[in-house]
Each structure stands twice: as structure tokens, then as C-alpha cells.
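Residue numbers (the working numbering), protein chains in the order written: chain A, 166 to 719; chain B, 166 to 719.
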């Protein structure tokens with residue numbers, strides 16, 4: 166079977182932080198058997214995707230080759246690795262494999278999308294493996310900011326691939342398995358053809374710090390605080406929840422979990438048997454009897470999500486709790502680029518209540534879940550691969566990571582979303598580029614990112630919208646118009662209502678037209694758009710989006 | 166005249182970074198004579214102000230008291246201090262005072278708004294003063310990131326106020342006046358009633374670094390780079406332009422200025438006589454004859470502005486220049502919160518061209534223009550005021566600054582936009598809160614932030630827009646509808662076109678109504694909205710904005 170080729174194709178994650186999805190294939194050209202690693206989402210923003218619920222990978226290429234796909238493997242339960250499985254599985258319908266905790270989270274997601282939870286099969290950690298066509302896949306424990314994160318050891322007929330997933334080198338991760346150097350050395354000992362490796366922290370120059378290094382500082386903070394303390398972090402960062410809760414307990418504070426995701430994750434951690442000795446949690450109701458200065462609230466919403474517990478606490482009461490002068494709020498988290506304004510708004514809301522806000526500016530209360538530059542070098546050295554394929558990162562991260570690998574004497578390549586990379590030779594080569602877009606979950610519908618739907622919404626947001634009803638007598642007789650403007654100044658330069666100004670401009674313009682023009686729907690449509698845009702520009706300095714409905718009466 | 170009261174009122178800048186505008190008043194209650202310090206802007210974003218051009222202070226309170234305003238003083242030429250003068254001056258029509266460089270920039274802005282440039286009168290630095298009703302105002306040089314920044318020494322019948330404007334304590338600012346401790350000591354010697362003081366960097370724990378500290382690192386970078394080098398910073402940071410250009414010259418590189426603002430600022434600097442010995446600038450045309458590795462481009466657009474030179478270089482050619490593999494791009498700037506995504510997009514665009522992108526992560530190529538925490542303490546000690554009023558900053562900055570002052574034994578208060586503060590007593594007191602909004606420059610119109618205009622655009626961006634034309638026979642007969650959806654999925658659950666699904670739902674609902682309902686425009690309007698929103702929710706999972714036009718035919 167060693168007459169095939171081995172290919173790698175990122176569909177998401179390789180040009181961005183988020184929406185991870187990678188494909189491996191082995192076999193004769195055009196007949197490769199395929200496996201998918203991760204099906205993650207990324208989050209919308211007002212600039213590019215207003216009103217969109219989630220952004221999913223474009224899996225058109227995969228769907229067209231459904232009969233060649235053996236399985237989907239999910240490395241860990243972060244949204245940017247697992248979030249799209251529920252929405253896209255129906256188009257692929259192949260088995261999904263994950264370790265217990267990840268499978269537990271994944272099954273909840275499938276159920277919400279009406280898919281049988283058994284679709285996800287639980288796999289134990291290495292040395293257990295799954296046979297998937299020409300691939301034999303094992304799940305290698307790595308440390309990260311969520312339990313049971315796994316790298317994949319993917320054996321192919323022409324050698325072993327190590328796909329790191331998201332990882333850090335943490336020997337004392339508080340929850341879950343420490344990074345196990347000797348295991349990795351052992352797995353790599355037989356030779357590694359390619360290391361496909363997380364790149365997000367390549368610009369962080371110092372070795373990553375361990376989760377365990379935070380405990381002392383957080384305890385100190387919780388002990389010295391005089392009022393109520395609330396803290397936020399990603400709900401999925403169960404190790405951090407434990408670090409915070411343990412510190413709270415030592416400081417004599419009872420722990421309250423605020424927000425559904427927070428409670429759900431702690432539950433899942435206990436169910437999966439990975440969260441032992443978590444301090445006793447008090448319900449919001451029972452917390453009423455405890456003095457404020459003996460409480461620690463752990464709240465969802467570290468990224469400024471409008472409806473999460475943190476945002477609600479910044480605006481007013483949440484489940485009976487209200488923060489006030491003398492209280493402390495700790496952001497035990499890093500703000501993801503793009504979320505700054507939302508987080509800042511919340512910090513200022515808390516400040517207005519007299520709350521002291523402590524953020525990650527000092528690096529004392531947060532550590533990253535990703536491998537920093539020296540850790541990446543360590544990983545390269547540890548696994549000694551023939552080639553390094555940087556994944557998960559913006560272009561400049563992939564590029565810096567590739568340079569780092571090359572500086573270490575290894576072949577490397579920057580392969581962005583849609584690049585089909587041949588891993589069969591001595592160095593990686595991009596042999597083809599497929600067109601990959603994105604898919605938007607908009608309401609309940611999946612919408613192609615190249616469709617007009619979201620583009621039209623952005624244009625209305627920037628320019629406003631004018632709808633014009635045109636009524637024309639007979640095939641080309643007298644025309645009447647009614648304009649309805651939305652999102653535009655009511656009056657402009659002339660002081661007259663904008664709708665009327667536009668109507669007058671249209672009546673003048675249409676009145677000058679010959680019957681032949683007025684008989685032609687497309688000509689009327691174009692004329693109306695052009696007149697409205699010009700007249701609005703002159704009146705209020707904006708060119709609105711214009712829609713036109715033409716009706717003809719006898 | 167010492168029987169009056171002294172008041173301070175921020176209209177902008179005290180709850181935000183940007184849009185600075187402050188009012189001082191002295192006189193009998195309700196008859197105070199007023200001066201305005203700064204009329205700045207802040208910049209819109211898609212989240213809250215899509216399509217808006219600029220955000221200006223709400224000066225309704227001032228306009229209603231126009232006859233009591235003596236003058237406007239502008240501390241320096243940054244947009245968030247001077248940007249609104251051109252748009253709002255017509256509503257106030259009082260003299261504007263500024264130092265030469267600021268006045269030069271301000272006059273260009275007034276001319277663009279059709280206002281006589283002589284409106285701005287040039288004032289020399291302290292000890293020159295301007296008499297403005299009960300106030301005597303002098304302009305005290307401070308160091309900042311634009312030339313001729315000034316604090317104001319405002320003498321009132323009951324004592325001296327020092328209004329710092331934006332400042333840092335830079336003894337070697339490269340361009341402009343070094344911070345002059347002895348002058349400040351002298352001015353403060355007779356006693357300072359209130360220090361109204363910049364707060365933006367209160368969370369920066371180390372003393373601020375001087376502009377001059379950058380030269381060596383930048384020279385080193387420009388000398389070791391092998392290809393073309395481009396760099397960006399705020400065009401108004403003339404000292405940085407000089408630092409960069411000087412370093413370029415030393416590294417044997419010819420300097421090219423890219424972007425209108427860049428050329429304009431260097432021109433203004435030369436005109437105002439503050440920019441001497443700036444290296445000779447080469448035009449883009451003449452640069453064609455110079456080898457790439459002997460060029461330094463200085464480009465506008467450090468904040469990711471889509472149309473600026475930096476963004477254009479990241480996408481393709483700009484004035485004949487195209488960056489490529491082996492070139493270097495330096496961001497000698499800090500990304501303002503909220504602009505991250507735009508800047509990151511540009512960095513990745515450059516990375517895709519093979520350009521090495523160097524940002525401010527290392528702190529080696531940028532210093533801030535604002536006073537850090539220890540510098541603020543130094544300023545408090547130097548001027549020894551009876552009270553400190555923190556200004557220019559988000560709430561948590563003002564709050565931390567007030568605590569810092571209190572820890573130093575001084576009275577302090579957090580006064581946010583709209584708070585009228587009485588400075589007449591021994592400690593500052595908020596005596597009234599006026600309602601202040603914001604004013605949007607939308608196209609060519611000034612729109613109140615509380616109007617529906619922008620709110621409607623945001624809703625259309627999030628939810629899409631459906632316009633419904635309803636035609637009813639007689640006063641309450643048969644009804645027909647036409648739906649036009651914009652920014653919504655074309656089909657949903659049923660697979661039928663959305664417009665038709667909505668039309669059917671409307672026909673069914675209207676068909677069930679009694680004549681009385683159909684005769685009532687408001688009832689029909691409400692019914693149509695409700696039916697469309699419900700039907701769209703069921704079909705595509707979104708509740709669109711709905712506008713309705715009703716016509717009645719015989």
C-alpha cells in the first residue's frame with residue numbers, strides 16, 4: 166500500500182486563531198482515503214459578520230468526497246476544535262472519535278442539534294489506537310487549558326505524523342495529565358515524518374509558565390481582599406476554576422458558580438472523573454447567609470459576552486448578587502484580540518460600582534494554554550521530525566514558526582487554508598490550492614460566506630437603506646414613487662423630510678423619461694437606484710443601499 | 166468678584182480615551198462666565214456606530230449658554246482635542262486660542278468646514294496670557310507625542326487651576342520643548358487650587374521613557390535590515406517621524422513620505438519652525454532610481470485605517486512601491502483598543518508578501534506620549550495642588566488616578582462626563598449632573614446619538630430588513646402584500662423562497678381579519694410586523710426589522 170501519496174489540507178485554523186479543521190489523506194492521487202482532525206468554529210464580529218451566530222469551516226470539498234472519509238478525530242473540547250461538529254456532521258456522517266471528557270462535551274452539542282450522541286465514540290489515551298482506513302490514530306495526552314487535550318499520533322504507510330493540537334509543556338497542570346516527555350520521546354523514537362504543530366504563541370519569547378505557578382498569587386489576592394470577590398475565566402479552563410476555588414477555600418471563602426457553562430463544565434469534569442477534590446460549591450440561594458467577605462463568585466463571560474454572568478454583574482444584579490464599593494473583580498484571563506472593547510466596557514461598568522478591577526496586565530493571575538517560542542523549539546527537538554508544518558495561527562505566526570523550524574535545520578512550509586500539501590517526499594510541497602470559504606450559521610440556516618446575505622447587512626449598516634415602490638401606468642405611462650428610508654437622517658441640507666426630497670428627485674427624473682425606458686423594468690430599476698443615491702448624497706452626504714419594487718397598473 | 170463659584174464640567178473625555186472637551190465656569194450660580202478647553206472627536210466602530218464618520222461632543226448645554234462663553238482654548242492638535250472645532254464652532258461662535266503649530270492645523274480644519282481660519286488666534290507660550298472674562302489663561306509647554314502641546318494655567322478669582330492636557334515628563338523629546346520642571350515649580354509656587362490631570366496611563370507602573378531612548382534601537386534595526394524598510398506611526402507624532410527619518414539617514418536610507426497626513430504634518434512642522442534638520446525627503450517618483458535596500462518609507466495608517474498607505478501596502482502597490490520577501494515593516498506605534506482586528510489583518514497581509522513585521526510587542530520601537538503612574542505622582546508632588554481632578558480616561562483610569570491622589574493626601578473626585586463639579590471649597594463636589602450624549606457626523610449631517618438613525622442601522626445589520634407593501638381595497642376590503650427581504654437567507658426550513666413564505670403567512674393572517682381591523686392603519690402595521698417576524702423566525706431563525714407601507718385602492 167506504500168504506492169500512495171500522503172496529503173495534508175487545512176480547511177480552517179491555518180491563517181487565523183480559531184476554526185481549526187484539518188484533513189489528512191493517503192492513497193493514489195485523487196483516491197486518497199481521508200480523515201478529518203477537528204471541526205471547530207470561530208466567532209463573528211460586527212465588522213465582518215454582523216448578526217451571524219457562528220462561523221464554521223466550508224466543508225464543500227469534504228462533502229463531495231464523503232465516501233472517502235474514514236473518521237473525524239477531535240483533539241479537545243474547545244469551541245474552535247469541536248464547535249462545528251453538531252452543525253456539519255449530517256453532511257459527512259462518519260464516526261467521530263474523542264477521549265472521554267471531550268466526548269462528553271461533544272455529545273451534549275450533538276444532542277442540541279438533534280444528532281444521536283452515540284455518534285461520538287470514546288477512545289482511551291495512547292497506547293490505544295483507532296484504525297481508520299490506511300491510518301492508525303492514537304491520542305497522546307498533552308497539557309492545555311482544558312482537560313484531556315490530545316495530540317494525535319497518526320501512523321501512515323509511509324511514516325508517523327504527530328499532530329499536536331493545542332498544547333503547552335506543563336509538568337504541573339493542576340488538573341489532568343502533566344506533559345510527559347518520556348512518553349513523547351518514546352513515541353517519536355521510531356521516527357517522525359512530520360510534526361504538525363500549534364503556532365499561536367510563537368511570538369511569546371519566554372518559556373511558558375505552569376498553571377500551578379498561579380496558586381500563590383491568587384491566594385494572596387483572595388486573602389487580602391476585604392469585600393466580596395468575583396473572578397472570571399473560560400468555563401472550560403477547569404484547572405483555573407480549581408486553582409481559583411482552592412485559593413478561595415484557603416482564604417476562607419465559599420465558592421459560587423455563576424453561569425450555565427461554569428456549572429456544566431464542573432459537572433462534566435466530575436462525570437469524566439478528572440476533577441477530584443473540587444471545593445464544595447454553594448448555590449446562589451444558600452450564599453445569602455454567608456457574609457460578603459467570605460464569598461468567591463466564579464462567573465462566565467471573560468471575553469465580555471453581553472449576556473454572560475460577568476456582563477450582568479457589571480450592569481446590575483445577577484442571581485441576587487450585586488457588586489459594590491470595596492469588592493474586587495479578577496479577570497483571570499487574556500482578552501482575545503477583537504474583544505477588547507467589550508471587555509473594557511465591562512471593566513468600566515464594574516469600576517462605576519466602586520469595584521476594584523484586576524486584569525491580566527501584570528501576568529500574575531493568568532498563564533496561557535499554548536506553547537511559547539522556546540517550548541516550540543523544545544517540541545521540535547523532542548520529536549525530531551523530518552518536517553514541521555505550522556498550524557493554528559495567523560499567517561505571520563505560521564510564517565515565524567516555519568522560520569523557527571528552518572533555523573533548527575528542518576524542512577518547513579507555510580500551508581494556509583485550502584493548500585493541499587504533499588508530505589510524501591523529503592520536504593513538504595503545496596501541490597494544489599482548493600477554494601475554501603466559510604459557512605455562517607445565520608439564525609438556523611447555513612449560509613455561504615460568499616453569498617450576498619451578510620454583505621447586504623453590512624452595507625445597510627454603513628449606508629442605510631431606502632426602499633422605493635414605483636407604480637407605472639400601463640406599460641410606460643405616468644410613474645409614481647414612494648420612498649421609505651431606514652437608518653438615515655430624517656432631514657438634511659434642505660430642511661425638508663428626506664423621503665420627500667427623494668420622492669421629488671425621482672418624480673423629476675422619471676417624468677423626463679421616454680415611454681420605452683419606463684416600459685423596461687431593468688432600466689427603471691437602475692435609474693431609480695442612481696437617482697436616489699445621488700439625491701441622498703446631495704442632501705445628507707450618504708449613498709444608501711436602494712431596493713426597488715416596480716408595479717404596473719392599468 | 167470673589168463672591169462667585171468656580172465650576173468644572175467635562176462634556177467628553179472623562180469616561181473614555183478620546184473626545185476631550187471640558188468647561189470651566191466662574192461667577193454667581195447660573196450666571197457663570199464660561200471657557201471651553203478642547204473640542205475633540207472620537208472614532209466610530211461597527212459595534213456601536215456603523216457608517217458614522219466621526220463622533221463629536223454633545224454641546225447642547227453650551228449652545229444654550231452661548232452668550233456666557235468667553236473663549237475656546239485648544240491644548241494641542243490631536244484629533245481627540247481639536248477634531249470637532251470645525252464642525253461645532255458655528256453653534257458657539259467665540260474666539261479660539263491655540264499655540265502656533267496647533268493653530269496651523271486647526272486653521273486647515275476650519276477652512277475645510279467653510280469657517281474663516283482667522284477664527285483661531287495664535288497665543289505664545291507662558292508667560293503670555295489671554296484674558297477671558299474672569300479667567301486669565303496661559304499656555305504652559307508640556308511634552309507629548311505632538312509638538313507644542315500645552316497645559317493651561319487658568320487663573321480665577323479664587324486661585325489657580327492647572328489643566329495638564331495630555332502630557333508626559335520627557336526631558337529629551339527630540340522635537341519641541343523638554344518638560345521644564347523649574348518652570349512648573351515656579352508656576353505652582355503661588356499655590357494651585359486644582360490640578361486637572363491626564364489619566365490615560367495610570368495603569369502603567371514604570372516611569373515613562375523618553376522619545377530619545379528609541380533612536381539607537383531603530384538605527385540598529387534599519388542598519389541590519391537587508392531589503393526595503395517601511396515604518397508607520399501617527400503622522401502627528403513628528404518627533405517619531407524625525408527619530409525614524411534620522412535613523413534612516415544614518416543607515417544610508419533615503420526617506421519617502423507616504424500618505425497625505427504624513428506630508429501635511431511634516432510641512433506644518435516646518436512652517437511652524439519646530440522641525441529643523443529633518444532629513445531630505447525623496448518623492449515616490451524619484452525613489453524609483455534608488456536601490457530598495459537604501460529606502461525607508463514612512464507610511465500613514467498605524468491603526469489599520471483601510472485607505473491609508475500602510476493598508477494599501479499590505480494589499481498591493483502604493484505609489485509604485487510594492488513590499489516583498491525580505492522587506493521589513495515596523496509598527497512604531499501602539500494599537501488603540503478596538504483597532505486590533507484591523508491592524509492584525511494588515512500585519513497578516515504583509516506577512517503573506519513575505520515581509521517581516523515588527524510590532525511594539527517588545528517595547529523597543531515605541532514609547533507612549535502619556536504620563537505613567539510614577540510620573541503622575543511626580544506631577545502631583547511638583548504642583549502640590551489642594552485637589553486633583555482626574556480627566557481623560559476611562560472610568561477605571563479616573564478612579565485609579567483619584568485613589569492615587571488620595572493616597573498622596575490630596576482631595577480628589579471622579580467626575581465623569583456631565584458632572585458639574587464645584588471647585589470653590591476645600592474639596593471638589595459634584596453638585597449637578599447634566600445629561601450629555603454624543604453627536605454623530607453622519608454623511609454631512611449632525612445626528613443626535615439618541616436618535617433612531619444609527620440604532621436602526623445596527624438592527625438591520627444584526628437582523629436583516631423586510632419591507633412590506635400592503636394594498637387594501639377600500640377602507641377594509643381585500644388585502645394584498647409584497648415582501649422585499651434584504652440581508653436574509655433566500656430560503657429556509659421549507660425550501661421555498663423566503664419572500665413567498667412571508668407573503669403567504671401575511672395573506673393568511675390578513676385574510677382572517679375583520680374589516681374594522683383592516684380599516685385601521687396602525688392595527689395593520691402592527692399585525693404585519695408581528696406576522697413577518699414570527700414567520701421569519703420559524704423559517705430561518707431570525708427576527709428581521711420590518712417596515713410597512715400601506716396603500717388603499719378603490
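Every residue, glycine too, gets a C-beta built ideally from N, C-alpha and C.
DSSP state of residue i mapped onto helix, strand, coil
i: residue 260 of chain A; result: coil
i: residue 719 of chain A; result: coil
i: residue 345 of chain A; result: coil
i: residue 699 of chain B; result: helix
i: residue 166 of chain B; result: Here residue 166 of chain B scores only 47 on pLDDT, less than 50, and its place in the model should not be relied on; the value that follows carries that caveat. Of the three classes helix, strand and coil, the one that applies to residue 166 of chain B here is coil, per DSSP.
i: residue 709 of chain B; result: coil
i: residue 323 of chain B; result: coil
i: residue 693 of chain B; result: helix
i: residue 302 of chain B; result: strand
i: residue 187 of chain B; result: strand
i: residue 333 of chain A; result: strand
i: residue 295 of chain B; result: strand
i: residue 678 of chain B; result: coil
i: residue 371 of chain B; result: coil
i: residue 436 of chain A; result: helix
i: residue 603 of chain A; result: strand
i: residue 558 of chain A; result: strand
Chain E within 9 Å of residue i, Cβ atoms only
i: residue 336 of chain A; result: Absent from the structure: chain E. Protein chains present are A and B.
Sub-9 Å separation of residue i and residue j beta-carbons
i: residue 531 of chain A; j: residue 564 of chain A; result: no
i: residue 452 of chain A; j: residue 464 of chain A; result: no
i: residue 457 of chain A; j: residue 393 of chain A; result: yes
i: residue 641 of chain B; j: residue 684 of chain B; result: yes
i: residue 341 of chain B; j: residue 299 of chain B; result: no
i: residue 627 of chain B; j: residue 529 of chain B; result: no
i: residue 547 of chain B; j: residue 566 of chain B; result: no
i: residue 525 of chain A; j: residue 500 of chain A; result: yes
i: residue 281 of chain A; j: residue 256 of chain A; result: no
i: residue 579 of chain A; j: residue 596 of chain A; result: no
Own chain partners of residue i with C-beta closer than 6 Å, once the 5 adjacent residues on each side are dropped
i: residue 711 of chain A; result: 631, 694, 697
i: residue 601 of chain A; result: 176, 223, 582, 583
i: residue 650 of chain B; result: 631, 663, 664
i: residue 551 of chain A; result: 358
i: residue 247 of chain B; result: 239, 271
i: residue 352 of chain A; result: 318
Other residues of its chain near residue i: CB distance less than 7 Å, five sequence neighbours each side excluded
i: residue 332 of chain A; result: 307, 308, 309, 314, 316, 363, 536
i: residue 700 of chain A; result: 666, 667, 670
i: residue 166 of chain A; result: In this prediction, residue 166 of chain A has a pLDDT of 47, which is less than 50 and means its spatial position is unreliable; what the coordinates show is noted afterwards. Result list for residue 166 of chain A: 299, 322, in chain order.
i: residue 210 of chain B; result: 503
Residue i Cβ short of 8 Å to the ligand MN heavy atom set
i: residue 326 of chain A; result: Questions concerning the ligand MN fall outside what the structure shown contains, since it holds no ligand whatsoever.
Neighbourhood of residue i by C-beta, 8 Å cutoff - its chain only, sequence neighbours within 5 removed
i: residue 193 of chain A; result: 168, 169, 170
### Query
Mind listing which residues of the stretch 509-535 of chain B have their C-beta closer than 7 Å to chain A's C-betas, in chain order?
509, 512, 513, 516, 517, 522, 526
#### Entry: Residues within the stretch 480-496 of chain A neighbouring chain B, beta-carbon criterion of under 8 Å
none
### Task
Check distances from the C-beta atoms of the stretch 687-712 of chain B to those of chain A and list, in chain order, the residues that come in under 9 Å.
701, 702, 704, 705, 706, 707, 708, 710, 712
### Task
Taking only beta carbons into account, state which residues of the stretch 219-236 of chain B come closer than 9 Å to chain A, listed in chain order.
none
#### Entry: Touch test, the stretch 594-608 of chain A against the stretch 213-227 of chain A, Cβ-Cβ under 8 Å, three pairs minimum
yes
### Query
Are the stretch 235-246 of chain B and the stretch 195-205 of chain B in contact at 8 Å, needing three or more beta carbon pairs?
yes
### Task
Give, in chain order, every residue of the stretch 622-655 of chain B whose Cβ lies closer than 7 Å to some Cβ of chain A.
622, 623, 625, 626, 627, 628, 629, 630, 632, 634, 647, 649, 651, 652, 653, 654
### Query
Would the stretch 344-362 of chain B and the stretch 430-444 of chain B be scored as touching if the rule is three or more Cβ pairs under 8 Å?
no
#### Entry: Touching by the beta-carbon criterion (3+ pairs, under 8 Å), the stretch 288-299 of chain A and the stretch 256-275 of chain A
yes
### Task
Pull out every residue of the stretch 359-378 of chain A whose Cβ sits closer than 7 Å to any Cβ of chain B, in chain order.
368
### Task
Mind checking the stretch 183-214 of chain A against chain B and listing, in chain order, the residues whose C-beta falls within less than 9 Å of any C-beta there?
210, 211, 212, 213
### Query
If contact means a Cβ-Cβ distance below 7 Å, which residues of the stretch 550-580 of chain A contact chain B?
559, 560, 561, 564
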